[in-house]
Amino acid sequence: MIKARNSLGLVFFPAFDWAISPTHPEREERLLYTKDQLFEEGVEDIEGIQFYNPIIANEKDIQRVHFCVPDVESRLTKSHFISAGGAIRAMEAKMKGEVDKAFAMVRPPGHHAQRVVYGDRGFCVINVEAVMLERIRQEYRDLRVAIIDTDCHHGDGTQDIYWNDKDTLFISFHQDGRTLYPGTGFLDEFGGPAAYGYNINIPLPAGTSDEGFLYLLDHVVLPILEEYKPDIIINSAGQDNHYTDPLTNMNFSAQGYAQLNSKLDPDIAILEGGYSIEGALPYVNLGIVLAMAGLDYSHVREPDYNEEGLKQDKRTSEYIKELSRHVYKRWENREELWAKNIKGRENVILKRQVYYDTDGILETQRQNFIVCNKCSGLNTIDSQSDSGYHIYAITIPRDGCPNCLDQGYRIYKNASPGAYTDVYLQDRINDHYCAK
Amino acid sequence: MIVGLDMGGTHIDGVIVSEGSIIDTIKTPRYADDLFESIWMTLEKLLMGHDISKIKRINLSTTVSTNAIVEGKTSPVGMIIQSGPGMPHDFLACGCENSFISGYIDHRGKVVEDLKLEEIEDVKIKFKEKNIKSCAIVTKFSTRNFDHELRIKDLLEDGFSHITMGHTLSGRLNFPRRVFTSYLNAATYHTFRDFSTSIQNAMEQKGADIPLFILKADGGTTSLQEAGKKPVETILSGPAASFMGLNALLNTQKDALLLDIGGTTTDIFFLADGVPLFEPIGIEIHGYKTLIRAIYSFSIGLGGDSSIDIVNHELKIGPKRHGPPYALGGPKPTPSDAMIALGLMEAGHRQMAIDAIKGLGKSLNLSVEDTANKILDTMSNMIKAKVDELLVSINSKPVYTVRELLHGKKIEPQLINIIGGPANCLAAILEKKFNLPCYCPRHYGVANAIGAAMAKITQDITLLGDTSRGILSSAEFGFQERISKDFTLEDMRSRALELLKRKAMELGAKEDEIEAEIVEESSFNMVDGFFTKGKNMRVEAQIRPGLAGDLLVANPQEHKYSIKDDKYDQSKK
Ligand SMILES: [Zn+2]
Ligand SMILES: [Zn+2]
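Protein sequences, first through last, are from chains A and B. Here the first sequence stands for residues 1360 to 1795, numbered as in the numbering used here. Here the second sequence stands for residues 62 to 634, numbered as in the numbering used here.
Here you go:
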């Protein structure tokens, strides 16, 4: 039998009895053909590949990352706890040294879930990766982590969660927000005052193929990672850049995905989107598994793969080249850009509207990042939804200084209950969460 | 009357069971190398004085296929493998000739690329030049569409004396295992056929018209004729026989741990609500992982004759056996010596056993008695540790639904049933270690033969229904028919049970004995855009595995280890 070069933990949990609705893309059947393909290929017999069942995440794991409104229990189904638990089990296997790498093929996905959660947006309720990572940081240590979001949609949820966290570099490449949901993910979304430059977006033109993705990997992502030197690399592994995906307009192939993972060499991969369940997922997932295990993936190919037909045009190649140069330059100049845009400010206000497409809810929020020269600083969110809530939420960051800790609790105490339906406090220093 | 025969490594055991009672037993050493001769002589001796016309069937557990594989006495096989895109495939080359051919079928069973007929012609010529008589054809996803395998077989038919097609051996997905299983089947085909012909001829000469059944690794039987087509199913029936024997002697409906503690090894089995636990995919033999359904068993190198050493001031028992116990003239102290020294067991020279244990005690600074007790204690700890580890892994087997993850069955043994030489002596200790009641049956000497006798026909089926393509199929049954758009899961269930019953009767089962059940089922809506275009349904059904009836001795109370545990307790005082 075949022996993996890297031992690989697989959490494969297709949740065959859960769907958003019977004909929704996020339905029971989604990983059925992936299971067939992986099983027929004999992946479970590869020496060095180990299957794990998910554990079940708990309420605190969710509160560490999200302000669920009104509370965790009313926003989540069992499947969400299991999906996050699957990711946690995967990373735990890595941290315990049971395996070199781990891949959680779990559903539902999570990268559109932001800190405030009124409902489901982009098929996501909680951010599976963030829930995983924060639990692991709590149980093990403060890791320096890079999350590379390879889903075709902008990982706006992950961006929101790690916006002001310098220890979590977030890079998302995706189909340009001007042509695809959620409509964000532009270059100037560059991070909060304490992490300016550590949120990197690379919006790509429709029709980008293997060549384009691998080009920006070589010319932007890998050089940045080289400098950032993370302890852990996480691939937020959406598969909807595939040329057969019904919701997007890209030309990425299973070969491309496998090569990307081979080059990126992530420690952890978590399945995100990807809804070409018959024509893409079985092959892309197989490609990722083989690439992560360090095995030969050169024979992985879709039935209708046509290399010539998928080539990107010259203009796209030129555009991506220019874009890559620009993004990398911004990364190199992040300190100057910080001096120009942030330096000297006492706080940074972020106002925006968030639409929950799956549940049809509109949220209006105002975030305040209070600059502190001793820590990342406090952050508050004042948010209203057209589903009838008006909440106030305070976050004391993991690296919070004693002053910010005190001030955080003071703000929480003083927040007038009359003015809000709910008030929340996230004390990441003491891993303590409360609401009133 | 039913006859059970089991070929062990050194002995052949036989029993005659009539209406739940064991009416005769035999244990003979294996003569020479001729398996058939050995079996036939044992059978003749066993049947002496019995009315042959009353024998309903003979169930035989044989090592013919196993030995051929392990000893490398198989026929050369020409492998035709269609691996398509996906995993690398070089490692699948297991035949003496291997042809990787073009064409491929996808996970839905759609032909993506057709066969190239001229390639098959070339293969035929190449195999013939090498004088190959046995072939196996395996295509990826042939359980979803076996058209390519059938067509290749048609093209080769006239040239070879045997051809195995992958899809006939199992309905389960796992291409590498399908390749290896098919290889082993083709490789043992002629050896098994010779054996089967000898038996049939001998029976005919004797004028005995008794149906003959062969024990499979899943603890069930199949007809001699069917075993002739799928000899690979008869591999490793020994542990299955021992499991079935243990189960027959001490029947239970609970979760249970079953231990067979022999001279060299301890075999570990489990029952879930009284039903045998199976290997998750299939059994492994001689480095080949297969799709052969088999009773779950785990063997550790620890038995009555395991040699004992002192390593770093600690007792080290096994995993090697260097001969019989010291008390019986062996070279090393063994757990049996500890039992003999304590007076728990009567064999050989007790003084020699005491001397051997004393030698170990010196290095440990312990008396003979304490040393001997420590040995039995250590042995029990080793068994307990392994059982706990196995249970963790069994109970964490992958599941795929929220329901199973939250409420799935976990095996938690409520009792322990033990057979083997040291069983009685260890029962009291194991009972304390596990905090579970232990039972030891009396007739364990021929347990394997009893297991064979009490086995019944087993068969399983995987039925796939795809209403968007309008196809209902079962690969291992070679079955395919058209279905309409409104074919339901309920229709699937009844078709599966019906096909299964028909097959069981073909194999020789009586209609009223057949207990068919659905073991797994699923139904998925297939959606195109936002419209449902059909259902993808999967049903697995089986003849409920287990015993053909109750053995009258199978009353647990009768078998409480009490016979000897008094002595054990005294020795501790
Ligand atoms: Zn997406
Ligand atoms: Zn501070």
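Beta carbons are placed, not taken as given, at the ideal position from N, Cα and C, and that holds for glycine.
Practice task
Could you say if the segment 1641-1651 of chain A and the segment 1609-1618 of chain A meet the contact criterion of at least three C-beta pairs nearer than 8 Å?
Solution key: yes
Problem - Endpoints, alpha helix (DSSP H) assigned at Ile1583(A) - result: What you label residue 1583(A) is simply residue 224 of the first sequence in a count that begins at 1. Counting along the chain, the alpha helix (DSSP H) containing Ile1583(A) begins and ends at Leu1581 to Tyr1587.
Problem - Cβ contact (3+ pairs, closer than 8 Å) linking the segment 1699-1718 of chain A and the segment 1461-1479 of chain A - result: yes
Exercise for the section: Return yes when at least one heavy atom of ligand 1 lies under 7 Å from the C-beta of Asp167(B), else no. Expected result: Taking the first residue of the second sequence as position 1, residue 167(B) is located at position 106. False, no ligand heavy atom lies under 7 Å from that Cβ.
Exercise for the section: Find the nearest neighbour of Ser358(B) within the set His383(B), Asp328(B), Phe591(B) and Leu332(B), judged by alpha-carbon distance. Expected result: For the purposes of this step, residue 358(B) is taken as the residue at position 297 of the second sequence. The residue with the shortest Cα to Cα distance from Ser358(B) is Asp328(B).
Exercise for the section: List the endpoints of the continuous beta strand (DSSP E) containing Arg543(B). Expected result: As a working mapping, residue 543(B) is identified with position 482 in the second sequence. Run containing Arg543(B): Phe540 to Arg543, per the beta strand (DSSP E) assignment.
Handout entry: DSSP-derived helix/strand/coil call for Thr1754(A)
Key = Within the first sequence, the letter at position 395 stands for residue 1754(A). Correct three-state label for Thr1754(A): strand.
Exercise for the section: Taking only beta-carbon positions, decide if Val580(B) is within less than 8 Å of chain A. Expected result: Against the second sequence, residue 580(B) aligns to sequence position 519. Not one chain A Cβ lies under 8 Å of Val580(B).
Exercise for the section: With DSSP collapsed to three states, give me the class of Cys486(B). Expected result: Position 425 of the second sequence, counted from the first residue, corresponds to residue 486(B). Of the three classes helix, strand and coil, the one that applies to Cys486(B) here is helix, per DSSP.
Practice task
Within its chain, find whatever has a CB closer than 8 Å to the CB of Gln1409(A); leave out the 5 residues flanking it on each side and keep chain order.
Solution key: Position 50 of the first sequence, counting from 1, holds the residue named residue 1409(A). Around Gln1409(A): Ser1366, Leu1367, Gly1368, Leu1369, Ala1452, Glu1457 and Val1458.
Handout entry: Nearest candidate by alpha-carbon position, reference Gly323(B), set Arg91(B), Thr86(B) and Gly379(B)
Key = By 1-based counting over the second sequence, the position of residue 323(B) is 262. Considering only alpha carbons, the answer is Gly379(B).
Exercise for the section: Check whether the Cβ of Phe591(B) lies closer than 8 Å to any Cβ atom in chain A. Expected result: Taking the second sequence and counting its residues from 1, one reaches residue 591(B) at position 530. Taking 8 Å as the threshold, the shortest C-beta distance from Phe591(B) to chain A falls below it.
Problem - Closest residue to Leu1709(A) among Leu1492(A), Asp1741(A), Phe1372(A) and His1658(A) (Cα-Cα distance) - result: Position 350 of the first sequence, counted from the start, is the residue given in the question as residue 1709(A). Taking only the C-alpha atoms, the option nearest Leu1709(A) is Asp1741(A).
Problem - Buried/exposed call for Tyr1499(A), threshold 16 Cβ in 10 Å - result: On the first sequence, residue 1499(A) is found 140 positions in, with the first residue counted as 1. Counting Cβ neighbours within 10 Å, Tyr1499(A) comes out exposed, since fewer than 16 surround it.
Problem - First through last residue of the alpha helix (DSSP H) which encompasses Phe1398(A) - result: Within the first sequence, numbered from 1, the residue matching residue 1398(A) stands at position 39. Counting along the chain, the alpha helix (DSSP H) containing Phe1398(A) begins and ends at Leu1391 to Glu1400.
Exercise for the section: Taking only beta-carbon positions, decide if Phe236(B) is within less than 8 Å of chain A. Expected result: Taking the first residue of the second sequence as position 1, residue 236(B) is located at position 175. Yes, because at least one Cβ of chain A sits closer than 8 Å to the Cβ of Phe236(B).
Exercise for the section: Return the chain-ordered ranges of every beta strand (DSSP E) run that is complete within the segment 296-377 of chain B and spans a minimum of 3 residues. Expected result: You should have 317-322, 327-333, 359-361 and 367-372.
Exercise for the section: Measure the alpha-carbon distance for Ile1583(A) versus Gly1633(A) and round it to whole angstroms. Expected result: Numbered from its first residue, the first sequence carries residue 1583(A) at position 224. Numbered from its first residue, the first sequence carries residue 1633(A) at position 274. Looking at the two C-alpha atoms, the distance is approximately 26 Å.
Practice task
Can you tell me which of Gln1724(A), Asp1745(A), Gln1743(A) and Ala1752(A) puts its alpha carbon nearest to the alpha carbon of Leu1737(A)?
Solution key: Taking the first sequence and counting its residues from 1, the one referred to as residue 1737(A) is at position 378. Nearest C-alpha to Leu1737(A): Ala1752(A).
Problem - chain A within 8 Å of Leu466(B), Cβ atoms only - result: Indexing the second sequence from 1 puts residue 466(B) at position 405. It does; some Cβ of chain A falls within 8 Å.
Practice task
Within 10 angstroms of the Cβ of Lys634(B), are there 16 or more other Cβ atoms? Answer buried if so, exposed if not.
Solution key: Taking the second sequence and counting its residues from 1, the one referred to as residue 634(B) is at position 573. Confidence at Lys634(B) is low in this model, with a pLDDT of 27, below 50, so the placement of that residue is unreliable and no value is reported for it.
Practice task
Flag this pair as yes or no: are the beta carbons of Leu1696(A) and Arg1704(A) separated by less than 8 Å?
Solution key: As a working note, residue 1696(A) is residue 337 in the first sequence. As a working note, residue 1704(A) is residue 345 in the first sequence. Cβ atoms of Leu1696(A) and Arg1704(A): not closer than 8 Å.
Handout entry: Limits of the beta strand (DSSP E) - the one that Leu1369(A) falls within
Key = For the purposes of this step, residue 1369(A) is taken as residue 10 along the first sequence, with counting starting at 1. Unbroken beta strand (DSSP E) run through Leu1369(A): Lys1362 to Phe1372.
Handout entry: CA nearest to the CA of Phe331(B), picked from Thr103(B), Tyr349(B), Arg464(B) and Ser303(B)
Key = Taking the first residue of the second sequence as position 1, residue 331(B) is located at position 270. It is Ser303(B).
Exercise for the section: Determine the DSSP secondary structure at His1512(A), reduced to helix, strand or coil. Expected result: Taking the first residue of the first sequence as 1, we reach residue 1512(A) at position 153. Residue state, collapsed to three classes: coil.
Practice task
Kindly indicate if chain A contains any beta-carbon less than 8 Å away from that of Lys232(B).
Solution key: Numbered from its first residue, the second sequence carries residue 232(B) at position 171. Checking the sequence shown, residue 232(B) turns out to be Gly, not Lys. It does not: the Cβ of Gly232(B) has no partner Cβ on chain A nearer than 8 Å.
Practice task
May I have the straight-line CA-CA distance separating Tyr629(B) from Met102(B), to the nearest angstrom?
Solution key: As a first step, residue 629(B) must be located in the second sequence, where it is residue number 568. As a first step, residue 102(B) must be located in the second sequence, where it is residue number 41. Below a pLDDT of 50, predicted positions are generally treated as unreliable, and Tyr629(B), at 31, falls in that range; no measurement from the model is reported.
Practice task
Taking only beta-carbon positions, decide if Gln631(B) is within less than 8 Å of chain A.
Solution key: For the purposes of this step, residue 631(B) is identified with residue 570 of the second sequence, where counting begins at 1. Confidence at Gln631(B) is low in this model, with a pLDDT of 31, below 50, so its placement is unreliable and the value that follows should be read with caution. No - not a single Cβ of chain A is within 8 Å of the one on Gln631(B).
Handout entry: CB contact check: Ile1361(A) to chain B, cutoff 8 Å
Key = The residue given as residue 1361(A) occupies position 2 in the first sequence. Yes, Ile1361(A) lies at the interface with chain B (some Cβ there is under 8 Å from its Cβ).
Practice task
Using a threshold of 8 Å, state whether the C-beta atoms of Lys117(B) and Met62(B) are closer than that.
Solution key: Start at 1 with the first residue of the second sequence, and residue 117(B) comes out as number 56. Start at 1 with the first residue of the second sequence, and residue 62(B) comes out as number 1. Yes. Within cutoff.
Handout entry: Endpoints, alpha helix (DSSP H) assigned at Pro90(B)
Key = Walking along the second sequence from the start, residue 90(B) turns up at place 29. Premise fails: Pro90(B) lies in the beta strand (DSSP E), Ser82 to Pro90, not in any alpha helix (DSSP H).
Handout entry: Local Cβ density within 10 Å of Ala1463(A), reported as buried at 16 or more and exposed below that
Key = By 1-based counting over the first sequence, the position of residue 1463(A) is 104. So Ala1463(A) counts as buried.
Exercise for the section: Using beta-carbon positions only, say whether Leu119(B) and Leu273(B) come within less than 8 Å of one another. Expected result: Along the second sequence, read from residue 1 onward, the residue named residue 119(B) stands at position 58. Along the second sequence, read from residue 1 onward, the residue named residue 273(B) stands at position 212. In the sequence under discussion, the amino acid at residue 119(B) is Ile, which differs from the Leu named in the question. Against a cut-off of 8 Å, the Cβ pair of Leu273(B) and Ile119(B) comes out as a contact.
Practice task
Work out the CA separation of Glu576(B) and His620(B) for me, nearest whole Å.
Solution key: Here the question's residue 620(B) lines up with position 559 in the second sequence. Here the question's residue 576(B) lines up with position 515 in the second sequence. Confidence at His620(B) is low in this model, with a pLDDT of 49, below 50, so the placement of that residue is unreliable and no value is reported for it.
Practice task
Determine contact between the segment 138-152 of chain B and the segment 182-197 of chain B, defined as no fewer than three beta-carbon pairs at a distance below 8 Å.
Solution key: yes
Practice task
Compare the C-alpha of Thr1780(A) against each of Ile1755(A), Ile1495(A), Ile1770(A) and Ile1750(A) and name the closest.
Solution key: Locating residue 1780(A) in the first sequence gives position 421, counting from the first residue. Out of Ile1755(A), Ile1495(A), Ile1770(A) and Ile1750(A), Ile1750(A) has the C-alpha closest to the C-alpha of Thr1780(A).
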